[in-house]
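**Q** Residue numbers (the numbering used here): 515 to 737. Below are the structure tokens for one structure; questions will follow.
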Amino acid sequence: MSLDQEKQIAAKEAVKYIKSGMTVGLGTGSTAAHMVNELGKLVLNGLKIVGVPSSETTKKLATEKGIPLITLENASSIDVYIDGADEFDSYMQLIKGGGGALLREKILTYNSDLVIIIADSQKEVKRLGDFKLPVETIPFATQKIEKLLNKMGLQPKLRIKDGKNFITDEGNFILDLNIADITNIPALESNLKQIPGIVETGLFLDMADIIIVGKGETAITIK
Ligand code: 5RP
């Protein structure tokens, strides 16, 4: 089984939680794209849902797949949010934001009744931090934040795409941080959030209700 097949297996399992009448938050990334594809097939077969996309990329894909969409402000509630992750540990803590959509993803996660994370087996880690932690920063403040985070030993790297600064859907930059040596992750989250100009971090702590992992040919559900 390839990792991509594991992502698809997890996505297929996750959409079993979706019933007609639900408002569904749609994550971003290659695993979430499998979920959008699966939901699209169900919608074609009569499932009545509305989706709230977490990025412009997902909005485009969901539209192509025929999933009716609404904005967060028009959603009175979100029943289920399904998204991928870059890392998860045995306490169901996550790093997200590899695709740069962490801000809208965290807003949707926070505003959803049930949060389902889908992943291939390589995303499971003993402790968070092999993956560089993305933080979203206001362009005006980014250079100052970079200097400060350097002093804190977090080795920030400004994310570049196609030779230019990566720009998020909210018009911000991303700094990717090395948190491999950090032992107190909740303290790091709270310290980062206190720095003016850091809009959000990719640490999703105590936010996932269910993690579905594709492992070989099976989907394993962790609650
Ligand atoms: C995007 C994300 C993604 O969920 C995360 O990067 C995982 O991506 P993929 O499913 O492609 O491995 O947080 O901001």
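All C-beta atoms in this analysis are idealised placements derived from N, C-alpha and C, irrespective of residue type, glycine included.
Would you check if the distance between the CB atom of G565 and the CB atom of V538 is smaller than 8 Å?
**A** Translated into the one-based positions of the sequence shown, residue 565 becomes position 51. Translated into the one-based positions of the sequence shown, residue 538 becomes position 24. Their beta carbons are under 8 Å apart, which means G565 touches V538 by this criterion.
**Q** Residue range of the alpha helix (DSSP H) that P653 falls in?
**A** For the purposes of this step, residue 653 is identified with residue 139 of the sequence shown, where counting begins at 1. Here the alpha helix (DSSP H) through P653 covers P653 to K665.
**Q** Residues around the ligand 5RP, please: the ones whose beta-carbon is closer than 6 Å to some heavy atom of it, in chain order.
**A** Here the residues come out as G541, T542, G543, S544, T545, A546, D597, G598, A599, D600, K610, G611, G612, G613, G614, A615, L616 and E619.
**Q** Give me, in chain order, the residues of the same chain whose beta-carbon lies closer than 6 Å to that of G716; leave out the 5 immediate sequence neighbours on both sides.
**A** For the purposes of this step, residue 716 is taken as residue 202 along the sequence shown, with counting starting at 1. Cβ neighbours of G716 beyond the five flanking positions: I609, K610, G611, L616, L647 and P648.
**Q** Please report how far the alpha carbon of F687 lies from the alpha carbon of T735, in whole angstroms.
**A** Mapped onto the sequence shown, residue 687 falls at position 173. Mapped onto the sequence shown, residue 735 falls at position 221. Distance between the alpha carbons of F687 and T735: 34 Å.
**Q** Bridge partners of P567, per DSSP?
**A** Residue 567 sits at position 53 when you count from the first residue of the sequence shown. According to DSSP, which records beta bridges pairwise, P567 is partnered with L540.
**Q** Which whole-angstrom value is the C-beta distance of I621 and V594, which I expect to be below 8 Å?
**A** By 1-based counting over the sequence shown, the position of residue 621 is 107. By 1-based counting over the sequence shown, the position of residue 594 is 80. The pair is not a contact, with the Cβ atoms about 15 Å apart (cut-off 8 Å).
**Q** Please work out which residues of its chain come closer than 7 Å, Cβ to Cβ, to P710, disregarding the five sequence neighbours upstream and downstream, and give them in chain order.
**A** Position 196 of the sequence shown, counted from the first residue, corresponds to residue 710. A655.
**Q** Suppose contacts are defined by Cβ-Cβ distances below 8 Å. Is E650 in contact with S568 by that definition?
**A** In the sequence shown, the residue the question calls residue 650 occupies position 136. In the sequence shown, the residue the question calls residue 568 occupies position 54. Contact flag unset, no.
**Q** For A589, which residues in the same chain have their Cβ closer than 7 Å to its Cβ, ignoring the five residues on either side in sequence?
**A** Start at 1 with the first residue of the sequence shown, and residue 589 comes out as number 75. For A589, where only same-chain residues beyond five positions count, the Cβ hits under 7 Å are T537 and V566.
**Q** Determine the burial state of G535: buried for a count of at least 16 other Cβ atoms within 10 Å of its Cβ, exposed for fewer.
**A** In the sequence shown, counting from the first residue as 1, residue 535 sits at position 21. Classification of G535: exposed, given that the 10 Å Cβ count is below 16.
**Q** Can you look up F728 in the DSSP assignment and give me helix, strand or coil?
**A** In the sequence shown, residue 728 corresponds to position 214, counting from 1. Correcting the residue identity first, residue 728 is Gly in this sequence and not Phe. Strand at G728.
**Q** From E570 to D627, what does the alpha carbon distance come to, in whole angstroms?
**A** Here residue 570 refers to the residue found at position 56 when the sequence shown is read from its first residue. Here residue 627 refers to the residue found at position 113 when the sequence shown is read from its first residue. Their Cα atoms are separated by approximately 23 Å.
**Q** Look up S604 in the DSSP assignment and say whether it is helix, strand or coil.
**A** Locating residue 604 in the sequence shown gives position 90, where the first residue counts as 1. Three-state DSSP puts S604 in coil, outside helix and strand.
**Q** Assuming D593 is part of the alpha helix (DSSP H), what are its boundary residues?
**A** In the sequence shown, counting from the first residue as 1, residue 593 sits at position 79. Unbroken run through D593 is the beta strand (DSSP E), I592 to D597; no alpha helix (DSSP H).
**Q** For T715, report the span of its beta strand (DSSP E) as first-last.
**A** For the purposes of this step, residue 715 is taken as residue 201 along the sequence shown, with counting starting at 1. That run of the beta strand (DSSP E) goes I712 to T715.
**Q** What's the gap between the Cα of H548 and the Cα of G667?
**A** If you number the sequence shown from 1, residue 548 lands on position 34. If you number the sequence shown from 1, residue 667 lands on position 153. In a straight line, the C-alpha of H548 is about 37 Å away from that of G667.
**Q** Run through DSSP, which three-state label would E746 get?
**A** With the chain covering only 515 through 737, there is no way to say anything about residue 746.
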